[in-house]
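For the record, the sequence lines run as chains A and B.
If you read the first sequence in my numbering, its first letter stands for residue 1, the second for the next number, and so on.
If you read the second sequence in my numbering, its first letter stands for residue 1, the second for the next number, and so on.
We treat Cβ as the ideally placed atom computed from N, Cα and C, and that holds for glycine.
Since we're looking at a predicted model, the values are computed, not measured.
Structure, as structure tokens:
Protein chains: 2
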Amino acid sequence: MAKADTKTRLMDAAEQLVRHRGADGFSYADLSTSIGIQKASIHYHFPAKSDLLQAIMEQYSRQVIEILEGFCDTLPSPAEQLRAFVDFYRLALQEGDCLCLCVALTIGKESLSEGTQKAVLNFRAAVQKWLENRFAQLLSPPSATWGSPSEEAAATLALVEGAQVSARIATDPRHFDHATRAFCNRLP
Amino acid sequence: MAKADTKTRLMDAAEQLVRHRGADGFSYADLSTSIGIQKASIHYHFPAKSDLLQAIMEQYSRQVIEILEGFCDTLPSPAEQLRAFVDFYRLALQEGDCLCLCVALTIGKESLSEGTQKAVLNFRAAVQKWLENRFAQLLSPPSATWGSPSEEAAATLALVEGAQVSARIATDPRHFDHATRAFCNRLP
DNA sequence: GTCTATAACTCGATAGAC
DNA sequence: GTCTATCGAGTTATAGAC
């Protein structure tokens with residue numbers, strides 16, 4: 001692969017900044033020093049900040065959904081696929097102070113464009129669907145200790161995102177492991 | 001009770017603003033229009049914004065911990081106390097776009113003073129402890145379908161906070177109910 | 001495509017009158 | 001305690017040269 005072009009480098013750097021500081025917590029000036037280009041030049045690639053946010057959310061959505069679908073191809077059982085899902089959100093934490101893009105964008109929701117808000121909702125719906133399908137396989141026949149696939153899917157997404165919040169505020173990824181351990185042990 | 005003084009009104013308005021938009025998402029100008037006082041006058045009560053954030057975090061912490069301890073006095077079983085805990089986080093959502101103060105402060109963590117970050121950590125430790133004691137009662141004798149009280153406490157806090165994120169991004173509190181239903185049904 | 005320069009605005013914070 | 005007035009820095013965004 002050739003050296004990444006400016007647009008790609010901008011999006012990658014912006015994604016990291018958003019996930020560390022939120023949409024309101026970084027500026028074009030930060031991006032400017034981060035990749036060594038003048039502030040004004042960024043506007044050539046992304047005229048408004050909302051364009052940039054929407055672009056990284058859509059790219060993130062494509063990438064993550066592709067990874068999740070990859071789990072289905074490479075891992076034999078729904079329990080292992082769900083474990084890989086938890087591990088993926090654990091990995092996203094990096095050193096403990098980085099959130100998944102969804103959570104990072106949720107707080108400053110009011111400053112998002114309508115298109116970006118829709119992209120976040122579409123992404124979450126896709127993840128919910130993926131989880132639902134895993135639980136539908138895992139829970140057939142139904143079990144008394146589990147809820148419906150739809151409920152368990154929503155609970156699992158909430159669990160990993162909440163566990164990221166716990167880890168992030170303490171800057172310690174072990175909080176994520178602690179909060180998700182009981183769930184992982186419940187899996188067969 | 002007499003009419004609330006300016007300081008109290010400022011703190012209450014600021015808490016609502018933070019929970020709706022995050023620490024970076026509101027300004028003294030917003031507060032000014034919200035309670036009908038000039039921007040500069042706010043600095044008399046809270047010289048710096050970090051002073052205001054720390055004051056509302058500490059007030060919030062005292063209020064919530066008092067409420068949680070009240071559940072222990074008025075509700076007979078740990079299962080009912082845990083249900084009341086979930087209901088409390090549900091109520092905090094308001095119309096679906098309001099987060100608990102902890103989550104709202106987590107994203108803009110870098111812009112918090114050291115004292116405010118400590119106040120958030122102390123509060124979360126107190127909630128974790130409260131949950132742990134409830135699960136210790138609930139799970140004696142230990143059950144095969146549950147983890148340790150400490151793990152279940154961390155998981156429950158992560159679940160309700162993650163469920164708030166789900167509800168907030170969709171501006172629909174029913175997402176919270178859906179994500180927490182399986183947990184509530186697992187309770188005896 | 002990237003640059004310099006700058007417009008137009010908002011931010012937190014301060015000074016000093018009342 | 002609250003006001004008017006203002007400062008200096010930071011913000012997104014634009015104009016125009018190269």
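Output the boundary residues of the alpha helix (DSSP H) element that contains residue i.
{"i": "A/I107", "result": "L101 to I107"}
{"i": "A/H6", "result": "It is worth fixing the name first, because residue 6 of chain A is Thr in this sequence and not His. First-last of the alpha helix (DSSP H) with A/T6: T6 to R21."}
{"i": "B/L159", "result": "P149 to A170"}
{"i": "A/E58", "result": "K49 to T74"}
{"i": "B/Q81", "result": "P78 to A92"}
{"i": "A/E116", "result": "Rather than Glu, the amino acid found at residue 116 of chain A in this sequence is Thr. Segment E114 to L138, the alpha helix (DSSP H) holding A/T116."}
{"i": "B/T33", "result": "Y28 to I35"}
{"i": "A/T145", "result": "Counting along the chain, A/T145 falls outside any alpha helix (DSSP H), and DSSP gives it neither H nor E."}
{"i": "B/F46", "result": "No alpha helix (DSSP H) holds B/F46; DSSP gives it neither H nor E."}
{"i": "A/C184", "result": "R174 to R186"}
Roughly how many angstroms lie between the CA atoms of residue i and residue j, to the nearest whole one?
{"i": "B/Q137", "j": "A/R174", "result": "25 Å"}
{"i": "B/F135", "j": "A/V160", "result": "20 Å"}
{"i": "B/T180", "j": "B/A163", "result": "7 Å"}
{"i": "B/R83", "j": "B/S77", "result": "10 Å"}
{"i": "B/R9", "j": "B/A119", "result": "21 Å"}
{"i": "A/S34", "j": "A/S27", "result": "11 Å"}
{"i": "B/F85", "j": "A/S32", "result": "45 Å"}
{"i": "A/W130", "j": "A/P149", "result": "10 Å"}
{"i": "B/Y44", "j": "B/S50", "result": "14 Å"}
{"i": "B/Q16", "j": "B/A92", "result": "10 Å"}
{"i": "B/S140", "j": "A/G70", "result": "41 Å"}
{"i": "B/F176", "j": "A/A79", "result": "24 Å"}
{"i": "B/A48", "j": "A/A48", "result": "31 Å"}
Considering Cα atoms alone, identify which of the options is closest to residue i.
{"i": "B/T171", "options": "A/T171, A/E69, A/L121 and A/Q128", "result": "A/L121"}
{"i": "A/D12", "options": "A/T145, A/N185, A/M57 and A/A163", "result": "A/M57"}
{"i": "B/F46", "options": "B/D73, B/R124, B/Q81 and B/T6", "result": "B/T6"}
{"i": "A/Y60", "options": "A/W146, A/G36 and A/C102", "result": "A/C102"}
{"i": "B/L157", "options": "B/D87, B/D51 and B/Y28", "result": "B/D87"}
{"i": "A/A154", "options": "A/S143, A/Q128, A/Q16 and A/L75", "result": "A/Q128"}
Is the distance from the Cβ of residue i to the Cβ of residue j below 8 Å?
{"i": "A/I65", "j": "A/A126", "result": "yes"}
{"i": "A/L112", "j": "A/L53", "result": "yes"}
{"i": "A/V165", "j": "A/L105", "result": "no"}
{"i": "A/H178", "j": "A/D97", "result": "no"}
{"i": "A/R90", "j": "B/K109", "result": "no"}
{"i": "B/G36", "j": "B/I107", "result": "no"}
{"i": "A/T132", "j": "B/A182", "result": "Note that residue 132 of chain A corresponds to Glu in the displayed sequence, not to Thr. No, the Cβ-Cβ distance between A/E132 and B/A182 is not below 8 Å."}
{"i": "A/G25", "j": "B/N185", "result": "no"}
{"i": "B/Q255", "j": "B/C72", "result": "Only positions 1 to 188 of chain B appear in this structure, which leaves residue 255 of chain B out of reach."}
{"i": "A/A55", "j": "A/K39", "result": "no"}
{"i": "A/T74", "j": "B/T145", "result": "no"}
Would residue i be called buried (16 or more neighbouring beta carbons within 10 Å of its own) or exposed?
{"i": "B/L190", "result": "The structure shown does not extend to residue 190 of chain B, since chain B is modelled only from 1 to 188, so the question has no answer here."}
{"i": "A/M1", "result": "Only weak support exists for where A/M1 lies, its pLDDT of 46 falling under 50; the value from the coordinates is given anyway. It is exposed - the Cβ of A/M1 has fewer than 16 other Cβ atoms within 10 Å."}
{"i": "A/Q198", "result": "Residue 198 of chain A cannot be examined here, being either before or after the span of chain A that is shown, 1 to 188."}
{"i": "A/R124", "result": "buried"}
{"i": "B/A4", "result": "exposed"}
{"i": "A/E114", "result": "exposed"}
{"i": "B/P142", "result": "exposed"}
{"i": "B/C100", "result": "buried"}
{"i": "B/T116", "result": "buried"}
{"i": "A/A14", "result": "buried"}
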